[in-house]
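A short write-up of the structure that comes next.
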Amino acid sequence: MGRAWFLTPSGALHGQHHHPGSREPRPLPLRPRWLPGGQPHRADHQGHRHGRPGQPRQARPRLPRVRGRRRRHPVRPRGRPQPHRHRPGRGGRVITVQPPTGILLGQYTPGTPEWEQARGGLCITATEIAAVVGLSPWQSRFSLWHKKAGLPTPPFQPNPAMEWGNRLEDAVAQKWVDEHQDTTEAVEAGTWRHRDRDWQRATPDRIFMPLRGWEIDPGTLPQLLEIKTSPFGDEWGPSGSDTLPVYYRCQIQWQLDTLGLKVCHVAVLIGGWDYREYVVEYDADDAQILRDAAERFLDDVRRGNRPPIDGADATYQTIRVQPQGREDRDVGIPLELAARYEVIGDQRRTVDSEFTQVRGEVLDLIGDGYRAVCGDRRIAYRTVNPDGTTLALQPYRSTHA
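Remember, my numbering sits 4 above the position in the sequence shown when you count from 1.
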């Protein structure tokens, strides 16, 4: 009969007997932590808690639990491993993960009403904080402001990159676990809010505990694992560095600050085959900057102070969906705005034509090659279709692609 251990949020270890062949350990007759006085849970015929009629049971989110690594069988002196004996449940101590400042809201499937509700309203999530500070390539302050204000926003349009990112998430996570035998399994983290700031939310990809030998050290903090996929290596540094896109750095700092943790590991698969790892440590100064910006942004939403229009495509798409019809009337615009519209429109048509020409010249010189270089500088590279023809000519914005 094995023995598993559970770590309560207060840090106390509770032992549990484990019977071979059973999937779940049978609790010892200890006082339940969730009932005062150690009274066992009873229900009346109406499905309510004993002694509290008329109040339905409230489902509590289950905190993530991680298990230590399974100990390998020793090798006999002659080099032959001992015969494997099946012992269900042997795999190390089990610990319930409780971050210092994180309150678990639940485990939600992305896109479900519960998931949207946990991330909606006047709160800022980890995927939104980069837009608050103007660093997101997908959202702008303008588009996020309209979302938080409850105004029309463009419908979410999934694309193949998002689909394959979701499909490959488990595979990339497993690769990271295989490369790190000094940690527990990395389990799905769920959606969290900060203990004192209800508006600060985060949904990390995975959470795990470091190991000391084969056992979990209850005195160490949990760590996060963020999983990414990218078609190109722009803005990603060499594996082992901390160079990654700034909008992902904002996301990770927000996650660490929400849960009160210190370290986040990042595993990224670039181009379908280039696997890299990074480690991002908590930066209190950066976290404070992000919190201050988020509070000012939410205050602007409450006061109705709309951000100025910028050049982000997300801003333009948000403006497109604001009208609910068309009236047959003229609307006057300032002379300066009219002149800018006409002049920049002419310039754009000229620049687009010139850029198409120069792309053709570069692509023609590359031929069936891969990169265009000038001296020791990489200028552009071509991606290809399955038949070898060119899919696109991409500019180099980093030396690490």
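Don't be surprised by glycine CBs; every beta carbon is placed ideally from N, CA and C.
Through-space distance from residue j to residue i, alpha-carbon basis
i: Gly138; j: Leu248; result: 17 Å
i: Pro144; j: Ala318; result: Per the sequence presented here, residue 144 reads as Ser, with Pro not at that position. Computed Cα separation, rounded: 6 Å.
i: Glu118; j: Phe160; result: 17 Å
i: Gln178; j: Leu109; result: 25 Å
i: Arg353; j: Asp246; result: 40 Å
i: Ala376; j: Val366; result: 7 Å
i: Ile337; j: Glu346; result: 13 Å
i: Ile128; j: Gly315; result: 23 Å
i: Leu273; j: Trp203; result: 32 Å
i: Thr195; j: Gln102; result: 13 Å
i: Asp304; j: Val325; result: 21 Å
i: Arg201; j: Leu155; result: 24 Å
i: Arg66; j: Gln111; result: 8 Å
i: Trp168; j: Arg401; result: 24 Å
i: Ala384; j: Pro208; result: 34 Å
i: Asp296; j: Asp290; result: 10 Å
i: Arg205; j: Glu132; result: 10 Å
i: Val335; j: Asn389; result: 47 Å
i: Arg386; j: Gln351; result: 27 Å
i: Gln361; j: Val355; result: 10 Å
i: Gln328; j: Pro311; result: 21 Å
i: Ala153; j: Ile323; result: 14 Å
i: Gly392; j: Glu340; result: 49 Å
i: Thr224; j: Tyr374; result: 47 Å
i: Glu331; j: Ile348; result: 27 Å
i: Thr105; j: Pro226; result: 12 Å
Host beta strand (DSSP E) of residue i (start-end)
i: Asp278; result: Asp278 to Glu285
i: Pro399; result: Thr394 to Pro399
i: Ile211; result: Arg210 to Phe212
i: Arg375; result: Arg375 to Cys378
First through last residue of the alpha helix (DSSP H) which encompasses residue i
i: Cys254; result: Val250 to Leu263
i: Ala343; result: Leu339 to Ile370
i: Val136; result: Ile133 to Val136
i: Ile323; result: Asp317 to Arg324
i: Ala122; result: Pro117 to Arg123
Given residue i as reference, the closest of the options once Cα atoms are compared
i: Trp180; options: Val366, Ala271 and Gln292; result: Ala271
i: Tyr282; options: Pro327, Phe301, Lys232 and Arg145; result: Lys232
i: Leu172; options: Arg300, Gly275 and Ala298; result: Gly275
i: Ile99; options: Thr188, Pro156, Glu132 and His150; result: Thr188
i: Leu263; options: Pro327, Arg197 and Arg381; result: Arg197
i: Lys266; options: Ala206, Asn170 and Glu285; result: Glu285
i: Phe359; options: Pro390, Gln398, Arg333 and Gly217; result: Gln398
i: Thr157; options: Pro164, Leu148 and Ala165; result: Leu148
i: Asp278; options: Gly241, Asp332 and Leu126; result: Gly241
i: Arg253; options: Pro312, Leu215, Phe146 and Ala130; result: Ala130
i: Glu250; options: Leu294, Trp218, Pro226 and Pro222; result: In the sequence as displayed, the identity of residue 250 is Val instead of Glu. Of the listed residues, the one whose Cα sits closest to Val250 is Leu294.
i: Thr113; options: Ile313, Trp258 and Ala193; result: Ala193
i: Phe146; options: Thr393, Glu340, Ile313 and Leu395; result: Ile313
i: Ala288; options: Ala298, Cys378 and Leu260; result: Leu260
i: Asp372; options: Pro214, Thr394, Leu302 and Glu299; result: Thr394
i: Asp368; options: Ile348, Asp186, Ala396 and Ala135; result: Ala396
i: Leu126; options: Pro104, Arg363 and Glu299; result: Glu299
i: Pro164; options: Trp258, Phe301 and Pro235; result: Pro235
i: Gly244; options: Ile220, Phe301, His269 and Asp238; result: His269
DSSP bridge partner residues for residue i (one or two, in chain order)
i: Ala271; result: Ile231 and Glu281
i: Leu108; result: Trp196
i: Thr187; result: Pro214
i: Ile128; result: Gln204
For residue i, the three-state DSSP class (helix, strand or coil)
i: Tyr385; result: strand
i: Gln143; result: coil
i: Arg295; result: helix
i: Arg64; result: coil
i: Ala206; result: strand
i: Glu219; result: strand
i: Leu225; result: coil
i: Val176; result: helix
i: Asn170; result: helix
i: Arg300; result: helix
i: Val335; result: coil
i: Asp289; result: helix
i: Gly244; result: coil
i: Gly164; result: A small fix is needed here, since residue 164 is Pro in this sequence, not Gly. Three-state result, Pro164: helix.
i: Asp2; result: Residue coverage of the chain in this structure runs from 5 to 405, which leaves residue 2 outside it and unanswerable.
i: Leu155; result: coil
i: Arg306; result: helix
i: Asp182; result: helix
i: Pro29; result: Here Pro29 scores only 42 on pLDDT, less than 50, and its place in the model should not be relied on; the value that follows carries that caveat. Pro29: coil per DSSP, three-state reduction.
Residue i Cβ short of 7 Å to the ligand MN heavy atom set
i: Arg205; result: Absence of the ligand MN from the depicted structure is noted, as is the absence of any ligand whatsoever, leaving it without description.
Contact with chain D by residue i, beta-carbon distance below 8 Å
i: Arg199; result: Absent from the structure: chain D. Only one protein chain is present.
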